[in-house]
Amino acid sequence: MTYILNKSLSGAAILLLSVTLLSGCFQKEKPTTLTFTPVYKEVALNCASNFSGNNEQALGVASTKWQYQQLQFFIHDVEVNTKKSGWQPWLMTTNAHQAENIALLGEECNREGHQDYWQLELTPLNETRVITDIRFTLGVPFALNHLNPLTQPSPLNEASMFWGWQGGHKFIRAELASPDDDWLFHLGSTGCKALSPVRAPKSECLYPNRVVISLPFTSQITTIEFDLAALIADIALTRANSCQSAVDEESCKVLFKNLGINTNNTDQSMLFKTNLKAQIDG
13 MTYILNKSLS GAAILLLSVT LLSGCFQKEK PTTLTFTPVY KEVALNCASN
63 FSGNNEQALG VASTKWQYQQ LQFFIHDVEV NTKKSGWQPW LMTTNAHQAE
113 NIALLGEECN REGHQDYWQL ELTPLNETRV ITDIRFTLGV PFALNHLNPL
163 TQPSPLNEAS MFWGWQGGHK FIRAELASPD DDWLFHLGST GCKALSPVRA
213 PKSECLYPNR VVISLPFTSQ ITTIEFDLAA LIADIALTRA NSCQSAVDEE
263 SCKVLFKNLG INTNNTDQSM LFKTNLKAQI DG
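Residues in the sequence shown are numbered consecutively from 13, following this note's numbering.
Rendered as structure tokens:
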């Protein structure tokens, strides 16, 4: 009886060990987190931060304190450049802020139950690869941009980031306020032809207004800066200078230039930055 009991215990131990090993094999790896940090002249921002507009005296505008009320943007198609294999997709995980390899980053400050989302979650990278660059596209791809938001997964169902079926999503929504004024910038596709405003266009819009961003990068970098000062460079912050992507408005022309839209090189936007030198020195 003793032999049989020990044999049973031995078998149970082997079974338990096998289950443990198998569960380890199927256990998901922890996602890689890449934090986007809003900054203004190298100072980190949040909903409570005050900042002065760029060159207000030179632009003929009285100096004042501003805060952002909403600062959100879509990105998609994240890729990394490796020395051996070239550009490779870096896929996102799926959560309430990410779906279809599209993420909505940022925050809406005065919203009830306000939550920020600046941490992009991505699938783990192969650590043996030597990474030199990262790139992604600011905006929503045409194939998903004009679909009914009521039937789309989060974050593509976010009402405040949607113009309508014809225009699609707002790629950037930046809304600033001061004690006496306000300013906004809504970036999205324009010149979209459809049978009616509640119909999706069948072909790409005349002005897609998506921006491909390419930055130096290594697998040790964990932060990408969103530089609000670079976005509003040479813009006098007044309500009259707000922009909703009208191609003929002077303020929009300046903002498009700052973003690298309608330039010969779509990677010229200085809106996003990685501090590669600090990472190397560290």
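Backbone N, C-alpha and C define an ideal beta-carbon position, used for all residues, glycine too.
Remember, predicted model here, so these are calculated numbers, not experimental data.
From the DSSP output, which residues share a beta bridge with glycine 242? First, the residue type needs correcting, since residue 242 is alanine and not glycine in the sequence shown. Looking at the DSSP assignment, alanine 242 forms no beta bridge with any residue, so it has no partner.
In the DSSP assignment, what residue or residues form a beta bridge with cysteine 255? Phe197
Do histidine 126 and the ligand ZN come close, with the Cβ less than 7 Å from some heavy atom? Absence of the ligand ZN is noted for the structure shown, with no ligands found whatsoever.
Cα-Cα separation, isoleucine 184 to isoleucine 225: 14 Å
For serine 281 and phenylalanine 197, the rounded distance between their alpha carbons: 16 Å
Check whether the region 259-277 touches the region 213-225, counting contact only when three or more Cβ pairs, one atom from each stretch, lie closer than 8 Å. yes
Taking all protein chains shown into account, do 16 or more other C-beta atoms lie within 10 angstroms of the C-beta of serine 172, making it buried, or fewer, making it exposed? exposed
What is the residue span of the alpha helix (DSSP H) that glutamate 133 lies within? Careful: glutamate 133 lies outside any alpha helix (DSSP H), inside the beta strand (DSSP E) at 131-134.
May I ask you to list the residues that DSSP assigns as paired with leucine 117? Phe85
Compare the Cα-Cα distances from alanine 111 to each of Val90, Glu120, Glu124, Arg123 and report the closest residue. Val90
Among Thr135, Phe238, Leu159, which has the Cα closest to the Cα of asparagine 113? Thr135
Under three-state DSSP, which class holds phenylalanine 154? helix
Cα-Cα separation, alanine 186 to leucine 218: 23 Å
CB contact flag (aspartate 299, valine 51, <8 Å): Only positions 13 to 294 of the chain appear in the structure, and residue 299 is not among them; the question remains open.
Please return the same chain residues whose Cβ sits closer than 8 Å to the Cβ of glycine 176, not counting the five positions on each side in sequence. Pro209, Val210
From which residue to which residue does the alpha helix (DSSP H) around lysine 269 run? 262-271
With 16 other CB atoms within 10 Å as the buried threshold, where does tryptophan 102 fall? buried
Hey, quick one: how far does the beta strand (DSSP E) through glutamate 187 stretch, first residue to last? 180-189
Could you pull the start and end residues of the beta strand (DSSP E) that leucine 227 belongs to? 223-228
The beta strand (DSSP E) spanning threonine 44 covers which residue range? 44-52
Nearest-angstrom Cα separation, counted from glutamine 232 out to serine 190: 38 Å
Spatial neighbours of proline 301 within its chain, please: C-beta separation below 8 Å, excluding the five flanking residues on both sides. Limits of the chain in this structure are 13 at one end and 294 at the other, which puts residue 301 out of reach.
Status (buried if at least 16 other CB within 10 Å, exposed otherwise) for tryptophan 99: exposed
Leaving out five residues before and five after asparagine 107 in sequence, what residues of the same chain have Cβ atoms less than 7 Å from its Cβ? Glu133
Within 10 angstroms of the Cβ of threonine 144, are there 16 or more other Cβ atoms? Answer buried if so, exposed if not. exposed
What is the rounded straight-line gap between the Cα of alanine 153 and the Cα of arginine 147? At residue 153 the sequence reads proline, which differs from the alanine that was named. One C-alpha to the other measures close to 15 Å.
If glycine 180 and serine 201 are in contact, beta carbons under 8 Å, what's the gap, nearest whole angstrom? 5 Å
For lysine 60, count neighbouring Cβ atoms within 10 angstroms of its own Cβ and tell me buried if that reaches 16, exposed if not. Reading the sequence as shown, one finds alanine at residue 60 and not lysine. By the neighbour-count rule (16 or more Cβ atoms within 10 Å), alanine 60 is not buried but exposed.
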